[in-house]
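2 protein chains.
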Amino acid sequence: MAVVSPKKVSSAGHAACCAPLAEGPLSEGESIQLALVLAALADPVRLRLLSIIATSGEVCSCNLEEPVGRSQSTISHHTRVLAEAGLIVGKKHGRWTWWRIVPEQFATVSRFLVGSKPRSTVRPR
Amino acid sequence: MAVVSPKKVSSAGHAACCAPLAEGPLSEGESIQLALVLAALADPVRLRLLSIIATSGEVCSCNLEEPVGRSQSTISHHTRVLAEAGLIVGKKHGRWTWWRIVPEQFATVSRFLVGSKPRSTVRPR
DNA sequence: TCCTGACATTGACATCTGTCGATCTGAACG
DNA sequence: CGTTCAGATCGACAGATGTCAATGTCAGGA
Numbered sequence: 001m002a003v004v005s006p007k008k009v010s011s012a013g014h015a016a017c018c019a020p021l022a023e024g025p026l027s028e029g030e031s032i033q034l035a036l037v038l039a040a041l042a043d044p045v046r047l048r049l050l051s052i053i054a055t056s057g058e059v060c061s062c063n064l065e066e067p068v069g070r071s072q073s074t075i076s077h078h079t080r081v082l083a084e085a086g087l088i089v090g091k092k093h094g095r096w097t098w099w100r101i102v103p104e105q106f107a108t109v110s111r112f113l114v115g116s117k118p119r120s121t122v123r124p125r
Numbered sequence: 126m127a128v129v130s131p132k133k134v135s136s137a138g139h140a141a142c143c144a145p146l147a148e149g150p151l152s153e154g155e156s157i158q159l160a161l162v163l164a165a166l167a168d169p170v171r172l173r174l175l176s177i178i179a180t181s182g183e184v185c186s187c188n189l190e191e192p193v194g195r196s197q198s199t200i201s202h203h204t205r206v207l208a209e210a211g212l213i214v215g216k217k218h219g220r221w222t223w224w225r226i227v228p229e230q231f232a233t234v235s236r237f238l239v240g241s242k243p244r245s246t247v248r249p250r
């Protein structure tokens, strides 16, 4: 994933945009946007964090370290990546940050992946 | 993506398995499997290749280099990654390899991402 | 006002990944 | 056979990523 640098784009927003994969070739820009969100999803620890948050509805960071067995700073790093990808949002309650899923972002990515049915056929040159 | 090594698992099969994210915490194994497929998707060049293949129905490698502007060896690398993730399959016709989408694998991943609705709420400790 | 606890940030490090040029392999065709 | 061509593999390299320990920040409670 050389081209995609999450640091540059502070948030992928809800704009992982564009039409399903089979609706026509993706532009370079569209593919970079989508890859950003998919890259945030493509880590075992982050997937487990997401499943915990999605299952619980709302969780504070303090309840995330133990189940995945990573240090506090690592968890903080991962929640940041997920938040920048627009997959979760955090709300501060006193000392704690409560995280919850942003279903719309998941739906957007999901919409891309379905409808990837073959259509016509192109002969090789 | 430190833990996921596509080289070790020759194919992710159609077993990116398990229930939707919100159906309960993912096991470590499940998360690694899913991350494998998502990592294959999380690259702009591979997304564009997929969109080209999905749009065309069936394409030979020789028609993939030019649209994405990468060398032959790089394309070969990417098609390999996609094939190992079970997202495409290649069939040899004489000298050419024809690639096509495996819709089931996309559906499997997609099924994970939807249904990620918040449910109950967990109090911080 | 000072301490404590919850997170964020930083720095360092080993590992992984995308890319290319060069080389290898194996099918088609004289 | 020997040549040609599609595509796989190899070797190298720059840049990205996951991880942790250490340190910074800032809200609440004593």
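These protein sequences, in sequence, are chains A and B. Each residue of the first sequence is one higher than the last, beginning at 1 in our numbering. Each residue of the second sequence is one higher than the last, beginning at 126 in our numbering. Where a beta carbon is used, it is the ideal one built from N, C-alpha and C, also for glycine. Model, not experiment: these values are computed from the prediction.
Counting other Cβ atoms within 10 Å of its Cβ, Q72(A) stays below 16 and is therefore classed as exposed. Using a CB distance cut-off of 7 Å, R173(B) counts as an interface residue toward chain A. Secondary structure of R80(A) (DSSP, three-state): helix. Segment contact: the stretch 51-70 of chain A against the stretch 92-112 of chain A, three or more CB-CB distances shorter than 8 Å; contact assigned. Of all residues in the stretch 89-113 of chain A, only W96, R100, I101, P103, F106, A107, V109, S110 and L113 come within less than 7 Å of chain B when Cβ atoms are compared, listed by chain position. In the displayed model, V45(A) falls within a helix according to three-state DSSP.
Here R225(B) carries a strand assignment [DSSP, helix/strand/coil]. Rounded to the nearest angstrom, the gap between the Cα atoms of V193(B) and L172(B) is 10 Å. Judged by beta-carbon spacing, S176(B) lies within the 7 Å limit of L26(A), meaning their Cβ atoms are closer than that value. G24(A) sits exposed, since fewer than 16 C-beta atoms from the chains shown fall within 10 Å of its C-beta. A232(B) has its alpha-carbon roughly 13 Å from the corresponding atom of L166(B). Sorting V170(B), V206(B) and V162(B) by C-alpha distance to the C-alpha of D43(A) places V162(B) at the top. Near chain A, meaning a CB-to-CB distance below 9 Å, the residues of the stretch 172-192 of chain B are L172, R173, L175, S176, I177, I178, A179, T180, S181, G182, E183, V184, C185, S186, C187, N188 and P192. Just so you know, the alpha carbons of I75(A) and I53(A) end up roughly 13 Å apart. Contact note: G24(A) reaches chain B through S176 and T180, using a C-beta cutoff of 8 Å and chain order.
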